[in-house]
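Data block below; observations after.
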Amino acid sequence: MELLFCPECIDSQKVLLGLYEKLAQFRARQLDSQDPIDMAQVAQINPFGELPILRTDDEQTLVHSTIIIEFLDEEFQQGTQLIPHDPRLAREVRLLDRQIHEQLHLPLLSLQNEQRKPLPRQDRDLIRNSQSKIETALEQLELRLETNHWVVGDAFSLADCTLIPTLSLASSVYPFSTRHQLNRYWQQVKFRGSYQLLQQQLKDMKGFKNPFIAQ
Numbered sequence: 107m108e109l110l111f112c113p114e115c116i117d118s119q120k121v122l123l124g125l126y127e128k129l130a131q132f133r134a135r136q137l138d139s140q141d142p143i144d145m146a147q148v149a150q151i152n153p154f155g156e157l158p159i160l161r162t163d164d165e166q167t168l169v170h171s172t173i174i175i176e177f178l179d180e181e182f183q184q185g186t187q188l189i190p191h192d193p194r195l196a197r198e199v200r201l202l203d204r205q206i207h208e209q210l211h212l213p214l215l216s217l218q219n220e221q222r223k224p225l226p227r228q229d230r231d232l233i234r235n236s237q238s239k240i241e242t243a244l245e246q247l248e249l250r251l252e253t254n255h256w257v258v259g260d261a262f263s264l265a266d267c268t269l270i271p272t273l274s275l276a277s278s279v280y281p282f283s284t285r286h287q288l289n290r291y292w293q294q295v296k297f298r299g300s301y302q303l304l305q306q307q308l309k310d311m312k313g314f315k316n317p318f319i320a321q
């Protein structure tokens, strides 16, 4: 298999975590989202220009991070079961995957984009709206983690693959260190083998500032 990915992309980091959790062998092909040649190649595969893209050994081309992880969980029996066999838990994992993306990831990106602008050009209403959504999402996660070791119960899942790179972004855009359960979760993530492999891979990439360094 070959994974085409962009290291600063949260969805790419999410899929890399899934690949490491499944103990899957794959070739990693790093692309630069700011390079027109790289993105022209991506557009030939995915007209929407989105990464990551997984090319399988039987010549399937898969896009969208959640679909890729669903495929990995079906294809590889070894490693972590990322989608529970229990239908109720599977629905909960998929729901949390979507909620983390829509209610935390997207507002964080919106806030980050505004923060990068010169102060006079920042949209204060958009900033306040994004901060409100982030605050609500973090509070809900804090409550959930009071009774869950990982996002859904005691087992690592797709939802954790989604949350980990999102919290990495939050650590620099909207810090959560004062939240006891989220901080506990973040500290335990650092001991996870897949996280450590991802951290090392990102650290080895020339010119890429590893987002997982954030404390």
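Under this note's numbering, the first residue of the sequence shown is numbered 107, with each subsequent residue one higher. Every residue gets a Cβ at the ideal spot worked out from N, C-alpha and C, and that includes glycine. Computed from a predicted model, the values in this text were never measured in an experiment.
Measure the Cβ-Cβ separation of residue i and residue j and say whether it is below 8 Å.
i: residue 288; j: residue 244; result: yes
i: residue 160; j: residue 148; result: no
i: residue 280; j: residue 251; result: no
i: residue 207; j: residue 268; result: yes
i: residue 324; j: residue 182; result: Residue 324 lies beyond the residue range present for the chain, which begins at 107 and ends at 321; the question has no answer from this structure.
i: residue 217; j: residue 240; result: yes
i: residue 144; j: residue 107; result: no
i: residue 185; j: residue 120; result: no
i: residue 382; j: residue 311; result: Summary: the structure shown does not reach residue 382, with the chain confined to residues 107 through 321, and so no result is reported for it.
i: residue 264; j: residue 172; result: yes
For residue i, which residues of its own chain have a beta-carbon under 6 Å away from its beta-carbon, when the five flanking residues on both sides are left out?
i: residue 111; result: 118, 157 and 158
i: residue 275; result: 214
i: residue 266; result: 256 and 257
For residue i, report the span of its beta strand (DSSP E) as first-last.
i: residue 134; result: 133-136
i: residue 172; result: From DSSP, residue 172 is part of no beta strand (DSSP E) but of the alpha helix (DSSP H) over 171-181.
i: residue 160; result: 159-161
List the whole-angstrom C-beta distance separating residue i from residue j, where the pair is believed to meet the contact cut-off of C-beta under 8 Å.
i: residue 228; j: residue 220; result: 5 Å
i: residue 300; j: residue 123; result: 5 Å
i: residue 109; j: residue 132; result: 5 Å
i: residue 271; j: residue 174; result: Going by Cβ atoms, the distance from residue 271 to residue 174 rounds to 14 Å, so no, they are not a contact pair.
Ignore the nearest five residues each way along the sequence and tell me which others in residue i's own chain have a CB closer than 7 Å to its CB.
i: residue 176; result: 189
i: residue 199; result: 189, 190, 258, 263, 264 and 265
What are the boundary residues of the alpha helix (DSSP H) that residue i is part of?
i: residue 114; result: Counting along the chain, residue 114 falls outside any alpha helix (DSSP H), and DSSP gives it neither H nor E.
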